[in-house]
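Asks:
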Amino acid sequence: MNALNGNLIDHLLFPPNIDTPTIFSMELSSLLVNASGLSEAEDAAKVERTTSVCASFPTPPLSETPSKDQDAAYIRQEEVKERSIRRAELVKSVEAIIKSVVDALVSGEDVYIELARRNAKNSVFEAETGTFQRAANGSMKRIKMVDAKDDESIWRFTTLIHTLDAVHTVLLTNTITTKRDIYYTAPALYRSQRTVDTQIDDIACTLSVNRSDLNVVAAAKGLVCGNVVILRDDGGRVECGETEGVLVLDAGQVRGVDVGEEVKWVLVIEKEATFRGLATSGFWKDNVDGGPGILITAKGYPDLSTRALLHLLHTTSPTLPLLALVDHDPHGFDILLTYTCGSTSLAHQNILLSVPSLRLLGVRSGDIPSENLLQMTSKDRRMCVGILGRKGVRKEVREEVRRMLWMGRKGEIQGVESGNEGLGRWIGRRIRERDWV
1 MNALNGNLID HLLFPPNIDT PTIFSMELSS LLVNASGLSE AEDAAKVERT
51 TSVCASFPTP PLSETPSKDQ DAAYIRQEEV KERSIRRAEL VKSVEAIIKS
101 VVDALVSGED VYIELARRNA KNSVFEAETG TFQRAANGSM KRIKMVDAKD
151 DESIWRFTTL IHTLDAVHTV LLTNTITTKR DIYYTAPALY RSQRTVDTQI
201 DDIACTLSVN RSDLNVVAAA KGLVCGNVVI LRDDGGRVEC GETEGVLVLD
251 AGQVRGVDVG EEVKWVLVIE KEATFRGLAT SGFWKDNVDG GPGILITAKG
301 YPDLSTRALL HLLHTTSPTL PLLALVDHDP HGFDILLTYT CGSTSLAHQN
351 ILLSVPSLRL LGVRSGDIPS ENLLQMTSKD RRMCVGILGR KGVRKEVREE
401 VRRMLWMGRK GEIQGVESGN EGLGRWIGRR IRERDWV
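Here the sequence shown is numbered in UniProt numbering, starting from 1 and rising by one per residue.
Right, dumping it as structure tokens:
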């Protein structure tokens, strides 16, 4: 692919009759030149280098009884090979998108980039897996460079090119970046972090990969505490027995988990304050009623990494009860359903994130004294109606939402904490009695 002259791109992108801020013109010009600057020879050489790297990994010597260390080393080598090949394919896919833009500019055709639509209309609920998946015939949207019906089309197109260039760079150099770092490369251009977040997920969905496959991670958010070890992708180990909790690693950095044999349960907690109270009290290891367990929180609505960790815990220890402690309000149930069924906006990743076996420990109707209940708002009622209209909501959860809607009252976890029994003893008793729905 031959690099285009920046002045030519300026002329094609921004005719004299279009009043566009200089920053967008300069930004898009330089990015297109940089992203389209690989010649065919360079591209072939790059693929050859990747192939050579993959081929250079040593094959462990054959042995009648290979050790566990040898097995683990061999598995890691195979994983590195697969990632190198996948990364090379993604580099070519991103370059193909940029090439289509340059070709359209040269030929005078309409310039646009097609991205997958991520919404409920392009998702289907699969009863077999209990999760929302992207529909096989999911539709696409066109991000046009110039759209008479969209005053901000040039800005939208320019930011997308910038994001594609950032993804291309980290894939080509095999480095890791964060969505926040991408935003700060051009904060004036992006305007808000949400622009980057949306575009990264759009690109991942379009290429049918997880966000971590793009070498883009999110800032750590979730916390985990308990007798579990997170096995890092680089061979390192993260002990999670700290009473204040350990930050959940990005899913792309996690190879597996090692769950302690004495662990009896996993509790996902909506609120950070509740998590910290239980963690610092040693509830997860000293719970005399339900036995020791693992505490997890995403501090509200779950991020991808926390969802991925919970999914990994389930696949590693499928008989381990996974329980949720959320507010008895529409947002609490929405958080529960995000863990169990996944979100329609990330349907392309739900198969590796969702945990349909997660059960509701609380808060349920009747758990909170009436004097601690709050009046529902009209927005709360609309959310309840929306939840009842979803697919994949289990009968027991649907009944809890119906009861809340009928009573017109909601409650928070703190309402249970203020009871005579105390939250820790209340949770322990429910776990011991297997009192969840």
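Yeah, the Cβ is synthetic: ideal placement off N, Cα and C, and Gly gets one too.
Let me check understanding here. Comparing Cα to Cα, which of Glu-371, Val-259, Lys-99 and Ser-305 lies closest to Pro-318?
Replies: For the residues Glu-371, Val-259, Lys-99 and Ser-305, the minimum Cα distance to Pro-318 belongs to Val-259.
Asks: In three-state DSSP terms, what is Thr-177?
Replies: Strand at Thr-177.
Asks: In the DSSP output, which residue or residues are listed as bridge partners for Ala-126?
Replies: Checking the displayed sequence, the identity of residue 126 turns out to be Glu instead of Ala. Answer is Thr-131, bridged to Glu-126.
Asks: Quick one: what's got a C-beta closer than 8 Å to Leu-320's C-beta in the same chain, skipping five residues either side?
Replies: Val-259, Val-263, Lys-264, Trp-265, Val-266, Leu-313 and His-314
Asks: For the stretch 336-347 against the stretch 363-382, are there 3 or more C-beta pairs whose distance is under 8 Å?
Replies: no
Asks: Comparing alpha-carbon positions, which option in Arg-83, Glu-126, Ile-98 and Gly-108 lies nearest Thr-344?
Replies: Glu-126
Asks: Is it buried or exposed, Asp-165, if we count other Cβ atoms within 10 angstroms and call 16 or more buried?
Replies: Buried.
Asks: Using DSSP's beta-bridge definition, name the partner residues of Thr-297.
Replies: Leu-223 and Ile-269
Asks: What are the start and end residues of each continuous beta strand (DSSP E) run of 3 or more residues lying completely inside the UniProt domain "Topoisomerase 6 subunit A/Spo11 TOPRIM" (265-418), in chain order?
Replies: 265-269, 293-297, 322-325 and 359-362
Asks: Examine the Cβ distances between the stretch 214-234 and the stretch 282-298 and report whether three or more of them are shorter than 8 Å.
Replies: yes
Asks: Quickly, what does DSSP pair Ile-143 with across the bridge? List them, please.
Replies: Ile-113
Asks: Cutting at 6 Å between CB atoms, please list the residues of its own chain near residue 438, excluding the five before and the five after it.
Replies: The requested residue 438 does not occur in the structure, where the chain is confined to residues 1 to 437.
Asks: In its own chain, which residues sit with a C-beta less than 6 Å from the C-beta of Arg-432, not counting the 5 before and 5 after it?
Replies: Asp-289 and Gly-290
Asks: Reducing DSSP to helix, strand and coil, say where Arg-83 ends up.
Replies: Arg-83: helix per DSSP, three-state reduction.
Asks: Going by C-alpha distance, which of Ala-186, Thr-306, Val-196 and Leu-323 is nearest Lys-179?
Replies: Val-196
Asks: Could you work out which residue in Leu-171, Asp-150, Ile-143 and Met-140 is closest to Lys-92 when comparing CA atoms only?
Replies: Taking only the C-alpha atoms, the option nearest Lys-92 is Leu-171.
Asks: Would Ala-219 be called buried (16 or more neighbouring beta carbons within 10 Å of its own) or exposed?
Replies: exposed
Asks: Could you check whether Thr-177 and Arg-216 sit closer than 9 Å to each other, using their CB atoms as the reference points?
Replies: Contrary to the premise, residue 216 reads as Val rather than Arg in this sequence. Closer than 9 Å, so yes.
Asks: Taking 9 Å as the cut-off, decide whether the C-beta atoms of Lys-285 and Leu-247 are in contact.
Replies: It is not a contact, given that the beta carbons lie outside the stated cut-off.
Asks: Who are the Cβ neighbours of Met-140 in its own chain at under 7 Å, not counting the five residues just before and after it?
Replies: Glu-114, Leu-115, Ala-116 and Arg-117
Asks: Could you tell me the boundaries of the beta strand (DSSP E) in which Gly-256 lies?
Replies: Boundaries of the beta strand (DSSP E) around Gly-256: 254-259.
Asks: Ends of the beta strand (DSSP E) at Val-228?
Replies: 228-232
Asks: Find the nearest neighbour of Arg-394 within the set Pro-187, Asp-181, Asn-119 and Cys-341, judged by alpha-carbon distance.
Replies: Of the candidates Pro-187, Asp-181, Asn-119 and Cys-341, the one whose C-alpha sits nearest the C-alpha of Arg-394 is Cys-341.
Asks: Which one of Gly-428, Arg-364 and Arg-425 has the shortest CA to CA distance from Arg-403?
Replies: Arg-364
Asks: So, at 6 Å on beta carbons, what are the nonlocal neighbours of Asn-210 in its own chain, with the 5 sequence-adjacent residues on each side left out?
Replies: Gln-349
Asks: Using a Cβ-Cβ cut-off of 7 Å (strictly less than) and excluding sequence neighbours within five positions of Cys-384, which residues of its own chain qualify?
Replies: Pro-330, Val-401, Met-404 and Leu-405
Asks: Per DSSP, which residues does Gly-246 bridge with? Please list them.
Replies: Reading the sequence as shown, one finds Val at residue 246 and not Gly. Looking at the DSSP assignment, Val-246 forms a beta bridge with Val-224.
Asks: Specify, as a first and last residue, the run of the beta strand (DSSP E) that Val-437 falls within.
Replies: Counting along the chain, Val-437 falls outside any beta strand (DSSP E), and DSSP gives it neither H nor E.
Asks: Buried or exposed for Glu-95, going by 16 or more other Cβ atoms inside 10 Å?
Replies: buried
Asks: Determine whether the beta carbon atoms of Asp-201 and Leu-105 lie at a separation below 9 Å.
Replies: no
Asks: With which residues is residue 438 paired in a DSSP beta bridge?
Replies: Nothing about residue 438 can be reported from this structure: the residues present for the chain run from 1 to 437 only.
Asks: Under a three-way DSSP split, which group does Val-94 fall into?
Replies: helix
Asks: For Asp-150, list the residues DSSP reports as bridge partners.
Replies: Asp-147
Asks: Excluding the five sequence neighbours on either side, which residues of its own chain have a C-beta within less than 7 Å of the C-beta of Ala-44, listed in chain order?
Replies: Low per-residue confidence applies at Ala-44: pLDDT is 47, beneath 50, and the placement is therefore not dependable, though the value from the model is reported in the following sentence. So no residue of the chain qualifies.
Asks: According to DSSP, which residues form a beta bridge with Val-217?
Replies: Thr-178
Asks: My assumption, with CB atoms under 8 Å, is that Ser-305 sits in contact with Leu-388. Please give the rounded CB distance.
Replies: Contact doesn't hold; Cβ gap of about 30 Å is too wide.
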